[in-house]
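Numbering (the working numbering), first residue to last: 153 to 410.
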């Protein structure tokens, strides 16, 4: 691990006084409800959701957001109807084939986090190709969480530390928050500053549990296909109006800003 990676993993939560969030995470919810309200199939809702993804990526890049993490497919989503899961996998593969070149041309770096072993060999191959193609891009870092779960992430990090300790590479007393975080997905990224969830649901659904420890939560009744650049701006503006304390008092926050 490079020194640059180590320093990034130790970045504190975004301090009070800085306006824009560095890291925005989005739980994209409501595709099926959007489709049902229009008498359409669920897959039509997911296809409409792809358009919302494009709009939000574009707006995040325009606003200068450093990292945008999208919850595309959770480890629990395998429980959905087989036909829907199959259609989602097809959409994922199509996006990897068709959208990555556009991301690259716009200087966007793509990473995919989660357990890839459950995906087809074709999807795994195109994930690797996409990450290799965009690896050196310096614009927005777009992270797609696919077959991801926050508990899975924490267990993986714990197992990695235990293996190192058992091999004599790490003293148990040397395990601290920074060491643990470096074993997580996104361990080298800034913590999540803002988490947005669409469709009116108000829960985080096993998403980035460690990384969102101090995140501001923003819930909107908009279904995901209706969430566009303007809706993204509203969430960012709401974040900028909040006072983040990180355990401090109002007086301490005001003194820091003086």
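Just so it is clear, CB atoms sit at the ideal spot from N, CA and C, and this is done for glycine as well.
| Asked | Found |
| --- | --- |
| Quick one, are the C-beta atoms of residue 289 and residue 260 less than 8 Å apart? | yes |
| Could you give the C-beta distance for residue 183 and residue 376, rounded to a whole number, given that I count them as a contact under 8 Å? | 5 Å |
| With C-beta atoms as the reference, is residue 365 less than 8 Å away from residue 346? | no |
| If distances are taken between C-alpha atoms only, which option among 181, 171 and 175 comes closest to residue 352? | 181 |
| Could you tell me if residue 392 is buried or exposed, where buried requires 16 or more neighbouring beta carbons within 10 angstroms of its beta carbon? | exposed |
| Label residue 246 either buried or exposed according to how many other C-beta atoms from any shown protein chain fall within 10 Å of its C-beta, with 16 as the threshold for buried. | exposed |
| Quick check on residue 243 - is its C-beta less than 8 Å from some C-beta in chain D? | As a matter of chain content, chain D is missing from the structure shown, which is built from one protein chain. |
| Give the range of the beta strand (DSSP E) segment to which residue 366 is assigned. | Segment: none, residue 366 is in no beta strand (DSSP E) and carries neither H nor E. |
| Beta carbon of residue 207, beta carbon of residue 380: below 8 Å? | yes |
| To the nearest whole angstrom, what separates the beta carbons of residue 313 and residue 339, a pair I think is in contact under 8 Å? | Rounded, the Cβ-Cβ distance is 12 Å, inconsistent with contact. |
| Is the number of C-beta pairs between the stretch 265-272 and the stretch 292-306 that are closer than 8 Å three or more? | yes |
| Do residue 360 and residue 221 count as a contact pair if the criterion is CB distance below 8 Å? | yes |
| Roughly how many whole angstroms lie between the Cα atoms of residue 271 and residue 357? | 21 Å |
| Comparing alpha-carbon positions, which option in 243, 316 and 228 lies nearest residue 203? | 243 |
| Just to confirm the assignment, what range does the alpha helix (DSSP H) spanning residue 294 have? | Premise fails: residue 294 lies in the beta strand (DSSP E), 293-300, not in any alpha helix (DSSP H). |
| In the DSSP output, what is residue 202 paired with across the bridge? | DSSP lists no partner for residue 202. |
| Could you give the distance in angstroms between the alpha-carbon of residue 355 and the alpha-carbon of residue 205? | 20 Å |
| Less than 8 Å between the C-beta atoms of residue 217 and residue 348, yes or no? | no |
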